[in-house]
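Chains as they are written, first to last, in this note's numbering: chain A, 42 to 304; chain B, 42 to 304; chain C, 42 to 304; chain D, 42 to 304.
Please read the structure below before turning to the comments.
4 protein chains.
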Amino acid sequence: DGEAVYLDRALDRPARPGDSHKGQFGGVRVLAGAEGMGGAGLLAARAALAAGAGKVYWHTSPEQAKSALIAQPELMSTELTADYVPDGSIHVLGPGLGQGDTAGALYRRLLLDDHDARGVLDADGLTWLARFPKPVHNWVLTPHPGEAARLLGRSTKDIQSDRCQAAMELSERYQTTVILKGAGSLIAHQGRLYFNHPGDPAMATPGMGDTLAGLIAGLMAQGLGAEEAAKTGAWWHAKLGAQLAQRYRIVLATDLIEAIRLR
Amino acid sequence: DGEAVYLDRALDRPARPGDSHKGQFGGVRVLAGAEGMGGAGLLAARAALAAGAGKVYWHTSPEQAKSALIAQPELMSTELTADYVPDGSIHVLGPGLGQGDTAGALYRRLLLDDHDARGVLDADGLTWLARFPKPVHNWVLTPHPGEAARLLGRSTKDIQSDRCQAAMELSERYQTTVILKGAGSLIAHQGRLYFNHPGDPAMATPGMGDTLAGLIAGLMAQGLGAEEAAKTGAWWHAKLGAQLAQRYRIVLATDLIEAIRLR
Amino acid sequence: DGEAVYLDRALDRPARPGDSHKGQFGGVRVLAGAEGMGGAGLLAARAALAAGAGKVYWHTSPEQAKSALIAQPELMSTELTADYVPDGSIHVLGPGLGQGDTAGALYRRLLLDDHDARGVLDADGLTWLARFPKPVHNWVLTPHPGEAARLLGRSTKDIQSDRCQAAMELSERYQTTVILKGAGSLIAHQGRLYFNHPGDPAMATPGMGDTLAGLIAGLMAQGLGAEEAAKTGAWWHAKLGAQLAQRYRIVLATDLIEAIRLR
Amino acid sequence: DGEAVYLDRALDRPARPGDSHKGQFGGVRVLAGAEGMGGAGLLAARAALAAGAGKVYWHTSPEQAKSALIAQPELMSTELTADYVPDGSIHVLGPGLGQGDTAGALYRRLLLDDHDARGVLDADGLTWLARFPKPVHNWVLTPHPGEAARLLGRSTKDIQSDRCQAAMELSERYQTTVILKGAGSLIAHQGRLYFNHPGDPAMATPGMGDTLAGLIAGLMAQGLGAEEAAKTGAWWHAKLGAQLAQRYRIVLATDLIEAIRLR
């Protein structure tokens with residue numbers, strides 16, 4: 042049961058009517074400040090900006106925040122603290138988050154206490170979800186096979202032996218949209234299953250997942266629902282990466298972020 | 042009453058005679074050091090440099106100043122302090138300024154005490170003006186509709202229902218040149234009203250206003266009067282943004298800054 | 042005795058099968074934190090990333106680590122400490138390493154104590170090897186003539202008078218793959234000798250050796266053996282540099298790093 | 042008396058024989074660490090690197106040094122201290138030097154005590170020379186008209202009224218090569234006078250002088266004498282700037298640095 046559809050055309054990215062102003066394009070907050078992993082948060086924040094979010098905040102350590110000034114002065118930054126209270130922004134929780142106390146407090150606040158907080162849960166965020174599982178219908182999950190295995194309490198090999206089944210089961214168990222990453226990623230949502238554009242092995246490089254998480258969050262900030270944002274983000278991520286792979290043997294996340302903004 | 046003119050051609054940017062030296066092209070000082078908002082000041086300073094100002098200082102926190110070295114080594118930086126005494130430079134007061142004590146002291150010094158200080162008042166600078174209103178004939182005001190509403194004590198909806206009237210009223214009340222931003226910005230000065238180039242919705246992104254403020258300041262530093270600088274800056278900002286929008290779905294402020302320098 | 046072969050064609054860089062993920066492409070760790078020489082480590086790390094390594098860590102001082110966030114957010118960083126225990130990663134030991142206590146402790150740990158640690162030994166790493174010589178069959182050595190002289194206890198002039206002999210002797214004495222740098226570098230391994238692509242004098246610039254070390258490490262991380270990685274890395278380094286020299290009178294290391302990723 | 046020659050053709054930049062290595066191309070040391078003026082030293086160091094110097098050190102504050110890692114990882118940095126003892130490097134003394142105690146100590150060491158120290162004296166370095174004048178035959182002087190006036194104890198207007206005379210007099214009084222900057226710069230050396238390429242008014246921007254100083258130092262490091270380096274550096278600086286001015290209304294120092302390396 043469940044339908045399976047190939048995403049074989051460009052899904053429309055959010056339109057911009059003639060009288061737009063940035064206040065209409067929502068806000069993204071990337072919560073990420075673990076030492077030595079600052080690049081992950083910065084890549085996610087830059088991807089959200091490139092996707093067209095009206096405002097992008099990077100919550101991080103004061104030390105890391107300074108780098109945003111140079112790498113992307115259009116970003117705003119603020120200190121990552123355990124007492125952050127979610128607003129209407131779309132959150133990216135996971136890339137560069139770590140497993141420390143502040144990370145745990147943020148996971149509890151956003152996922153367990155606040156029933157309206159929304160966003161993308163990736164990387165360390167998925168580790169927290171595996172430790173404290175619950176339905177997370179406001180959050181897009183973007184596990185790679187190892188993370189999927191932890192979320193389902195099975196082995197990675199098991200996940201890979203039937204990826205369709207695993208994606209569907211993740212979506213059902215966590216009652217939300219799931220992108221199961223890997224060569225040929227799958228999107229599952231309420232019994233529907235989508236096969237993404239295959240991308241290219243040149244994209245098997247560090248930071249690509251952080252970029253996908255930020256891109257999807259940027260689309261959600263502009264009003265796309267979780268399912269639509271996941272499909273659109275995953276498709277463009279793979280499609281643009283494959284285009285870049287015609288030029289580069291090794292496609293880096295920063296290449297992809299530049300490409301997101303192109304017509 | 043009042044004439045309304047479409048700015049439908051390229052206004053001339055300041056000429057550079059054959060025997061120019063940078064001392065002839067004036068100085069710009071961007072006063073901005075609020076934590077987490079450093080990008081705003083940096084974008085304004087870079088835009089002033091790209092516009093052709095002979096010398097551009099960024100007054101900011103020592104921490105933020107270091108980023109200028111890398112992002113744009115042609116800038117100079119100095120610590121933002123409450124006891125700054127204005128010189129003949131053109132000031133940008135607002136982007137990344139904040140609402141703290143130093144900001145307030147600078148507003149008082151430049152706007153209330155010193156009748157010769159000149160520049161562009163934007164963002165937080167306009168908030169200070171709304172709190173302590175006065176005629177500011179030496180300063181170009183660049184409010185978006187929400188800031189305009191605060192400056193006139195009315196609602197944003199009210200401003201947007203008759204933008205021409207609002208721009209004219211702002212210019213009259215504050216006795217200076219006003220750019221009312223939004224899709225199709227308006228420039229008002231002494232009973233004259235100009236409709237700017239429409240730009241493009243791809244420009245509805247963070248930092249675009251900071252870039253406009255710096256660009257206008259850079260033009261004033263080269264000798265253009267407030268009205269001429271506002272018209273010229275607003276027109277090129279919108280025109281270049283629309284050109285970039287043919288290439289980019291999302292135009293960022295850093296793209297625009299690069300484009301300012303092109304022939 | 043010993044055969045001599047001209048590397049006169051493009052050696053294949055590691056293939057990427059269609060179902061690749063970054064976990065298959067190994068890890069590189071650049072151990073380098075000497076004050077004022079941070080660029081060397083950063084260049085090596087960036088080259089390893091460009092070569093296609095799945096994960097690249099820069100072990101350095103916390104101060105230097107911050108720069109990675111901006112220069113290359115795809116890198117991860119961690120503090121360089123004397124108690125680092127080697128894992129299965131490919132190491133770059135030398136560029137920006139220095140001659141301090143931490144450097145000495147790392148040399149002892151990786152070269153003297155741990156018989157499985159592998160990587161590339163360059164620059165300061167070769168100075169340590171000259172002080173505490175031993176067979177290092179897991180490590181590619183990349184000396185320039187001066188370093189080769191120290192490693193053989195002879196004069197630089199002597200090395201240059203018979204470079205083939207010197208390369209073979211180094212390889213035999215240290216029982217490993219050796220690249221003897223200089224105009225027309227030589228690769229020696231188990232009695233075999235290879236003449237590299239000649240490169241171009243435009244490449245005689247700072248940081249080129251660090252880039253070569255990182256490139257070779259990146260290839261080893263993807264599964265190439267020491268001999269194959271040395272040949273492939275040295276050939277592409279010289280070939281790409283010579284291509285860039287058609288455009289640039291002075292080819293910089295950062296140019297070369299960008300070129301490594303091109304198809 | 043004295044001959045006057047138009048530099049109307051491309052002067053040859055130093056050749057690079059086929060068997061070059063970076064050790065043959067000399068070293069440059071930029072001594073510059075004044076707070077808020079770090080960009081000047083960084084631009085000079087980058088220009089020296091682009092000119093082809095084999096090794097470029099930036100002596101500066103530890104805070105500023107970190108920026109080199111990101112802006113140009115091929116540079117090396119070390120702390121600027123008053124007890125620096127000159128080696129055989131070519132020095133850039135002036136851009137971003139300041140008028141503090143360390144600056145004064147360095148001026149005394151390099152200019153008054155050490156009769157072999159060589160390099161380029163610019164900006165603040167020329168202020169020190171005006172305060173403590175002496176023949177400086179090892180140093181190229183690069184004053185703008187205001188600095189020339191101070192060095193000759195006359196008015197700027199006076200200098201500009203007969204620039205040829207001023208350049209010759211400066212060269213004679215200080216017994217060295219002098220570039221008198223301004224629209225149409227002049228090079229004077231031992232009674233010979235050269236009219237430089239006119240450049241373009243688009244080059245009247247901050248940092249251009251720092252770039253010229255670094256470029257000349259880079260040429261001296263590669264073996265050109267003071268007169269030849271001054272002529273070659275000034276000519277290429279103006280010529281490349283004029284070429285860039287066909288593309289840019291405002292040419293920035295960073296543009297020029299990139300262009301220096303092109304064939």
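All residues carry an ideal CB built from backbone N, CA and C; glycine is no exception.
As assigned by DSSP and simplified to three states, the class of residue i
i	result
PHE66/B	helix
GLY77/A	coil
ASP42/D	The predicted model places ASP42/D with a pLDDT of 48, which falls under 50 and marks its position as unreliable; any figure quoted below should be read in that light. Correct three-state label for ASP42/D: coil.
LYS96/C	strand
ILE291/A	coil
HIS132/A	strand
ARG341/B	Nothing can be reported for residue 341/B: it is not among the residues displayed for chain B, which extend from 42 to 304.
ASP296/D	helix
LEU193/A	helix
SER61/A	coil
GLY139/A	coil
SER102/C	coil
GLY84/D	A quick correction: the sequence has Leu, not Gly, at residue 84/D. Helix at LEU84/D.
HIS178/B	coil
THR119/B	strand
TYR235/C	strand
GLY240/B	coil
LEU303/A	strand
Between the CA atoms of residue j and residue i - distance to the nearest angstrom
i	j	result
ASP124/C	ALA146/C	8 Å
ALA258/A	PHE173/B	39 Å
GLN65/B	VAL219/D	24 Å
ALA144/B	ALA164/B	12 Å
VAL69/A	MET261/B	36 Å
ASP42/C	ALA279/C	Residue placement at ASP42/C cannot be trusted, given a pLDDT of 49 that sits under 50; what the coordinates show is reported in the next sentence. The straight-line gap from Cα to Cα measures roughly 27 Å.
ALA245/A	ILE291/A	8 Å
GLN231/B	GLY95/A	34 Å
SER226/D	ARG54/D	19 Å
Proximity below 8 Å, CB of residue i to CB of residue j
i	j	result
GLY80/D	ALA224/C	no
LEU256/B	ALA106/B	no
ALA4/B	HIS132/B	Past the edges of chain B, shown from 42 to 304, lies residue 4/B, and the structure says nothing about it.
GLY248/C	ALA283/C	no
THR273/B	LEU265/B	yes
ALA112/D	PRO184/B	no
LEU182/D	LEU167/D	yes
TYR235/D	LEU48/D	yes
ARG57/A	PRO186/B	no
ASP203/B	ALA190/B	no
SER102/C	LEU90/C	no
GLY194/C	MET117/D	no
ALA109/D	TRP99/D	yes
ILE336/C	ALA271/C	Since the displayed chain C opens at 42 and closes at 304, residue 336/C lies outside it and no answer follows.
LEU192/A	ALA208/A	no
ASN237/A	ALA267/A	no
TYR148/C	TRP169/C	yes
GLY67/D	GLN263/D	yes
Handout entry: Three CB pairs or more closer than 8 Å across the segment 130-137 of chain C and the segment 78-97 of chain C
Key = yes
Exercise for the section: Identify each residue in the segment 198-225 of chain B for which the Cβ-Cβ distance to at least one residue of chain A is less than 9 Å, and report them in chain order. Expected result: LYS222, GLY223, ALA224 and GLY225
Exercise for the section: Taking only beta carbons into account, state which residues of the segment 114-126 of chain A come closer than 9 Å to chain B, listed in chain order. Expected result: PRO114, GLU115, LEU116, MET117, SER118, THR119 and GLU120
Exercise for the section: Anything in the segment 101-115 of chain C with a Cβ closer than 8 Å to a Cβ of chain D? List those residues in chain order, please. Expected result: GLU104, GLN105, LYS107, SER108, ILE111 and ALA112
Handout entry: Cβ-based contacts, 9 Å cut-off: residues of the segment 261-295 of chain B near chain A
Key = ALA286, GLN287, ARG288, TYR289, ARG290, ILE291, VAL292, LEU293, ALA294 and THR295
Practice task
Taking a Cβ distance cut-off of 9 Å, strictly less, list which residues of the segment 63-88 of chain B are near chain D, in chain order.
Solution key: LYS63, GLY64, GLN65 and PHE66
Practice task
Scan the segment 242-256 of chain D for residues whose Cβ lies nearer than 8 Å to a Cβ of chain B and list them as they occur along the chain.
Solution key: PRO242, ALA243, ALA245, THR246, PRO247, GLY248 and MET249
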